[in-house]
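Report on the following structure.
In the numbering used here, the protein residues as written are 10 to 314.
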């Protein structure tokens, strides 16, 4: 990566870490910090000549897509893709910040952020408020449940057992489960909405607070490698079950639904297409997942919204 981009990202990381620290101290302090941060960004934009400051935002998880290290630096597949994109866009200076998941969307709408990165899936409601980039990842799912349970075969199987799932609002899997519940009123799957880290959610499956998850294989492998979780098992979804998640398989960057967001999306999409064509996305996919999870070439032709 170019030295200039590393410097830009480091500045954004420090700003993001400061914002988190102040927010933890109380609401009024957070408001003051936000005002100061916005003023700093405006000053940086004015003094940067032809370079436009882009504030990117992430929730900071889950691994191996996104993680915040102990020193405050960011890593993960999504992060490296974002860095690779802006490394080829010298007209922009990238600042990366962390926010609570819900604040990502309000921040995009308010203009505090110009791009969001958090392995976002597509859904029609969200597409009414935000632009989607070309996809940069195609997810492969597994059922996760207690090791001593009979392996799940389907969502219908989970509903028949009365299983509960703990998941965050607005993420790929939750969107699909919500759709299942809408279409199957007699076979409901209870959703326990949470913002807890996946390590806590996996603990809850082991202790019986919840019963199962549908996660993508790289995430499962990453958490098993880091935390162990001997009390869990995984079962790959069949083609029919995977089809239930087909509208939420790809991951995208999000942009504000305005002229500036449209222009930035166009620039980002141009580079994403280059990264797909020259093999950079596949290289990063192999690095983090041990497999090629890059979407097919035809998905880099026309934006989804």
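Note that the Cβ used here is the ideal one computed from N, Cα and C, for glycine as well.
The shortest CA-to-CA distance from residue 71 to any of 232, 131, 303 and 92 is the one to 232.
Boundaries of the beta strand (DSSP E) around residue 223: 221 to 225. For the alpha helix (DSSP H) assignment, the uninterrupted runs of no fewer than 4 residues enclosed by the segment 241 to 310 are, from N- to C-terminal side, 248 to 252, 268 to 286 and 289 to 298. Judged by DSSP secondary structure, residue 209 falls within the alpha helix (DSSP H) whose first and last residues are 207 to 216. For residue 176, same chain residues with a beta-carbon under 8 Å away, outside a window of 5 residues either side, are 182, 183, 186, 200, 201, 202, 203, 210 and 222 in chain order. Short of 7 Å from the beta carbon of residue 276, and not among the five residues preceding or following it, lie these beta carbons of its own chain, in chain order: 98. If you draw a straight line from the Cα of residue 303 to the Cα of residue 84, it is about 18 Å long.
Burial of residue 128 is indicated by the presence of at least 16 other C-beta atoms within 10 angstroms of its C-beta. Membership of residue 118 in the alpha helix (DSSP H) is indicated by the continuous run 110 to 119. Burial check for residue 247: the Cβ neighbour count within 10 Å stays below 16, so the residue is exposed.
For residue 155, the closest alpha carbon among the candidates 308, 290 and 212 is that of 212. Residue environment: residue 119 is assigned as exposed (fewer than 16 neighbouring CB atoms within 10 Å of its CB, all protein chains considered). Here residue 142 carries a coil assignment [DSSP, helix/strand/coil].
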